[in-house]
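Take any residue in the sequence shown, count from 1 to its spot, add 569: that is its number in the numbering used here.
All residues carry an ideal CB built from backbone N, CA and C; glycine is no exception.
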Amino acid sequence: MAANALMGVHRVLIDLVRQRAPADEVPDRLAADLRAYRTQAFTFLAQGLASGPSRPHNLSRYAAVMPTALVTGATAGIGAAFARRLAADGFDLVLLARDVERLEQAADTFRTAHGIQVEVLPADLNTGVGLAKAEQRAADGVDLVVNNAGFGQRGDFVDTELAEELAMLRVHCEAVLRLTRAALPGMMERGRGGVINVASVAAFFPRGTYSASKAWVVTFSESACQQVAGTGAHVMALCPGWVRTEFHERSGMDTSGIPAGMWLDADQFVDAAIRDFRRGVPVSVPDVRYKVMVGLGRALPRRLVARLSARAGSRHQ
Ligand SMILES: NC(=O)c1ccc[n+]([C@@H]2O[C@H](COP(=O)([O-])OP(=O)(O)OC[C@H]3O[C@@H](n4cnc5c(N)ncnc54)[C@H](OP(=O)(O)O)[C@@H]3O)[C@@H](O)[C@H]2O)c1
570 MAANALMGVH RVLIDLVRQR APADEVPDRL AADLRAYRTQ AFTFLAQGLA SGPSRPHNLS
630 RYAAVMPTAL VTGATAGIGA AFARRLAADG FDLVLLARDV ERLEQAADTF RTAHGIQVEV
690 LPADLNTGVG LAKAEQRAAD GVDLVVNNAG FGQRGDFVDT ELAEELAMLR VHCEAVLRLT
750 RAALPGMMER GRGGVINVAS VAAFFPRGTY SASKAWVVTF SESACQQVAG TGAHVMALCP
810 GWVRTEFHER SGMDTSGIPA GMWLDADQFV DAAIRDFRRG VPVSVPDVRY KVMVGLGRAL
870 PRRLVARLSA RAGSRHQ
């Protein structure tokens with residue numbers, strides 16, 4: 570209750586600042602005051618929650634003691650929604666993607682609107698240099714990692730360029746593995762922190778390298794979650810269904826056959842994901858329709874699921 574009330578006050582204060590001056594005109598001093606207020610508010614929340622009922626994955630509590638979140642793929646879609654939500658919750662951010670201009674733009678907006686520290690980390694996770702850079706930053710000490718960067722694929726496995734398949738494994742699997750491995754030891758030592766690995770509902774439906782890479786993310790995250798249990802750190806696989814982002818257009822998918830009611834809003838999706846993360850859920854599928862779909866994917870005979878997946882997949886190429 571107290572936590573919710575304080576979060577409410579915090580948001581009202583930010584809204585007031587936004588109303589009084591456009592985002593790019595908030596004076597430095599006001600931003601600094603806002604930052605000081607936020608720190609006090611979150612410290613209070615941390616103390617209140619620490620002595621209250623056991624809520625090991627409460628994000629408000631984390632914000633007092635784990636102020637930095639690294640988000641990969643932060644320039645668009647789900648990653649950008651995570652960055653918006655975490656900035657509003659008072660996290661300092663490390664924003665990673667390839668497009669420097671978009672990263673700088675987002676960073677400026679968050680600094681001005683929320684008075685937080687934002688680092689820009691341009692990196693291509695399909696290159697050794699980009700992976701090493703990201704890995705180093707994760708190892709240097711962040712308290713929440715959102716491994717979100719990714720891309721889609723159209724066409725059948727046999728028709729796709731091998732380089733594209735390998736790039737997918739690198740961005741979806743190698744990057745997730747290396748950043749999780751780099752970040753977790755520090756989190757376990759400090760007794761707090763977390764990793765959210767963005768997978769997909771496709772992980773439960775065999776369809777090419779995309780779904781295989783996301784199945785790896787789910788299994789890897791479930792296993793890591795078990796291995797860090799009791800240390801204060803948490804790992805969660807997050808499985809989106811269809812979310813309105815740049816993903817489908819970028820990969821040239823035909824989405825005309827997807828029923829309008831199946832689309833999820835990125836910000837609402839992220840809010841639901843964070844609720845699951847707070848509750849310590851190991852594999853989050855934050856929508857009842859997709860929960861049912863995943864349940865069927867797990868329960869039906871594997872050959873039938875593969876056949877249905879192939880048929881559904883060919884409709885969206
Ligand atoms: N949208 C959906 O319906 C859906 C469904 C299931 C799962 N997902 C998963 O959700 C995650 C986010 O997807 P989204 O829908 O938000 O897609 P999006 O709108 O296309 O955004 C993808 C983000 O990843 C970054 N990125 C792509 N390749 C990268 C690379 N090689 N190195 C570094 N950053 C890279 C992009 O930034 P730059 O181009 O600037 O690098 C961008 O910020 C992905 O892992 C995707 O598989 C999405």
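Hey, is the segment 704-721 in contact with the segment 745-765, meaning 3+ C-beta pairs nearer than 8 Å?
Short answer: they touch.
Sequence-distant residues of its chain with Cβ nearer than 6 Å to residue 716 (five each side left out)
641, 745, 748 and 766
Between which two residues does the alpha helix (DSSP H) holding residue 864 run?
857-868
Return the CA-CA distance between residue 689 and residue 676, expressed in angstroms with no decimal places.
Distance from the CA atom of residue 689 to the CA atom of residue 676, rounded to whole angstroms, is 7 Å.
Would you say residue 789 faces chain D, with C-beta separation under 8 Å as the test?
No chain D is part of this structure, which consists of one protein chain only.
Could you tell me if the beta carbon of residue 870 falls within a distance shorter than 7 Å of some heavy atom in ligand 1?
Not one heavy atom of ligand 1 is found less than 7 Å from the C-beta of residue 870.
Nearest by alpha-carbon distance to residue 706: which of 672, 665 and 723 is it?
665
8 Å Cβ cutoff met for residue 800 and residue 760:
Between residue 800 and residue 760, the CB-CB gap stays under 8 Å.
Does residue 754 come out as helix, strand or coil in the three-state DSSP assignment?
helix
Spatial neighbours of residue 807 in its chain, beta-carbon cut-off 6 Å, leaving aside the 5 residues before and after
765, 767, 842 and 853
Using the C-alpha atoms, what's the distance from residue 795 back to residue 804?
8 Å
What are the start and end residues of the alpha helix (DSSP H) that includes residue 839?
835-847
Ligand 1 heavy atom lying under 7 Å from the CB of residue 777
no
Residue 821 and residue 680: beta carbons closer than 8 Å?
Their beta carbons are not under 8 Å apart, which means residue 821 does not touch residue 680 by this criterion.
Considering only residues of the same chain and omitting the five flanking positions on each side of residue 835, which have a CB-CB separation below 8 Å?
Around residue 835: 646, 647, 649, 650, 812, 813 and 814.
Between the Cα of residue 780 and the Cα atoms of 791, 756, 793 and 810, which residue gives the shortest distance?
Measuring from the Cα of residue 780, the nearest candidate turns out to be 810.
Could you tell me the distance, in whole angstroms, from the CA atom of residue 817 to the CA atom of residue 721?
7 Å
Rounded separation between residue 788 and residue 833 - CA only:
Roughly 24 Å between the two C-alpha positions.
So, with DSSP's three-state summary, where would you put residue 805?
strand
The alpha helix (DSSP H) enclosing residue 670, as first and last residue numbers:
669-683
Please name the residue in 673, 733 and 860 whose C-alpha comes closest to that of residue 696.
733
Go to residue 688, then tell me how far its beta strand (DSSP E) extends in each direction, as first and last residue.
From DSSP, the beta strand (DSSP E) with residue 688 extends over 687-691.
Close beta carbons around residue 699, own chain, < 6 Å, minus the five adjacent residues each side
Non-local C-beta neighbours of residue 699 in its own chain, meaning closer than 6 Å and more than five positions away in sequence, comprise 692 and 693, ordered along the chain.
Close-in-space but distant-in-sequence residues of the same chain around residue 819 (CB under 8 Å, 5 per side omitted)
720 and 721
For residue 828, verify whether its CB is less than 7 Å away from any heavy atom of ligand 1.
No, since every heavy atom of ligand 1 falls outside the 7 Å radius drawn around the Cβ of residue 828.
Opposite residue 661 in the DSSP bridges: which residues?
637
Would you identify the three-state DSSP class for residue 826, choosing helix, strand or coil?
coil
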